[in-house]
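**Student:** Take this structure, written in structure tokens, and hold onto it; I'll ask about it next.
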Amino acid sequence: MEQPNIKYIEDVAGSDADFKANFIQILKMEFPDEFVHYKNMYAAKNHIETAAIVHKLKHKLNIVGLQDGYRMAVTYEEELKKGKDAMHTDFLPILEVAGAFISTL
Numbered sequence: 005m006e007q008p009n010i011k012y013i014e015d016v017a018g019s020d021a022d023f024k025a026n027f028i029q030i031l032k033m034e035f036p037d038e039f040v041h042y043k044n045m046y047a048a049k050n051h052i053e054t055a056a057i058v059h060k061l062k063h064k065l066n067i068v069g070l071q072d073g074y075r076m077a078v079t080y081e082e083e084l085k086k087g088k089d090a091m092h093t094d095f096l097p098i099l100e101v102a103g104a105f106i107s108t109l
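Under this note's numbering, the first residue of the sequence shown carries the number 5, and numbering increases by one thereafter.
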């Protein structure tokens with residue numbers, strides 16, 4: 005499995021330490037709530053809302069360098085819109101890895 009990193013954040017922030025800190029703070033604030041929302045909507049079998057939250061989460065996967073996870077999220081989002089949720093078991097570990105990494109930032 006891919007390992008998350010902060011290369012994208014560093015590339016975007018450049019030498020602006022305040023921007024980098026703010027970017028990370030937003031990520032740390034938003035990701036846990038979105039992850040919980042994802043799990044709740046999945047459990048409720050609300051495919052449309054699950055797709056909407058996967059849309060948000062995929063960008064955070066990209067931010068932490070999980071390119072394969074991002075690509076999976078793109079496909080999963082489209083599958084959810086069709087009422088299919090079989091990719092959940094493959095997607096959940098990616099979110100767990102991202103969440104664990106983000107919590108250490």
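Even glycine gets a Cβ: it sits at the ideal position worked out from N, Cα and C.
If you're wondering where the values come from, they're calculated on a predicted model, not measured in any experiment.
Quick one, which of 105, 106, 100 and 23 has its alpha-carbon nearest residue 42's?
**Tutor:** The sequence position of residue 42 within the sequence shown is 38, counting from 1. When only C-alpha atoms are compared, the closest one is 100.
**Student:** Using only CA atoms, which one of 65, 14, 49 and 53 lies nearest to residue 95?
**Tutor:** For the purposes of this step, residue 95 is identified with residue 91 of the sequence shown, where counting begins at 1. Answer by Cα proximity: 65.
**Student:** Which two residues bound the contiguous alpha helix (DSSP H) that contains residue 5?
**Tutor:** Residue mapping note: residue 5 aligns to position 1 of the sequence shown, counting from 1. Taken as a continuous stretch (DSSP letters only), residue 5 belongs to no alpha helix (DSSP H), as it is neither H nor E.
**Student:** Can you find the residues in the same chain that come closer than 6 Å, C-beta to C-beta, to residue 79, ignoring five residues on each side of it along the sequence?
**Tutor:** Translated into the one-based positions of the sequence shown, residue 79 becomes position 75. None.
**Student:** Taking buried to mean at least 16 other C-beta atoms within 10 Å of its own C-beta, is residue 93 buried or exposed?
**Tutor:** Numbered from its first residue, the sequence shown carries residue 93 at position 89. With fewer than 16 Cβ atoms within 10 Å of its Cβ, residue 93 is classed as exposed.
**Student:** Can you say whether residue 5 is buried or exposed, counting buried as having 16 or more other CB atoms within 10 angstroms of its CB?
**Tutor:** Here residue 5 refers to the residue found at position 1 when the sequence shown is read from its first residue. Its Cβ having fewer than 16 others within 10 Å, residue 5 is exposed.
**Student:** Report back the beta-carbon spacing between residue 51 and residue 89 to the nearest angstrom; my notes put them in contact at under 8 Å.
**Tutor:** On the sequence shown, position 47 is the one that residue 51 refers to. On the sequence shown, position 85 is the one that residue 89 refers to. Confirmed, Cβ separation roughly 6 Å.
**Student:** Please report how far the alpha carbon of residue 107 lies from the alpha carbon of residue 32, in whole angstroms.
**Tutor:** As a working mapping, residue 107 is identified with position 103 in the sequence shown. As a working mapping, residue 32 is identified with position 28 in the sequence shown. Residue 107 and residue 32: Cα-Cα distance of roughly 7 Å.
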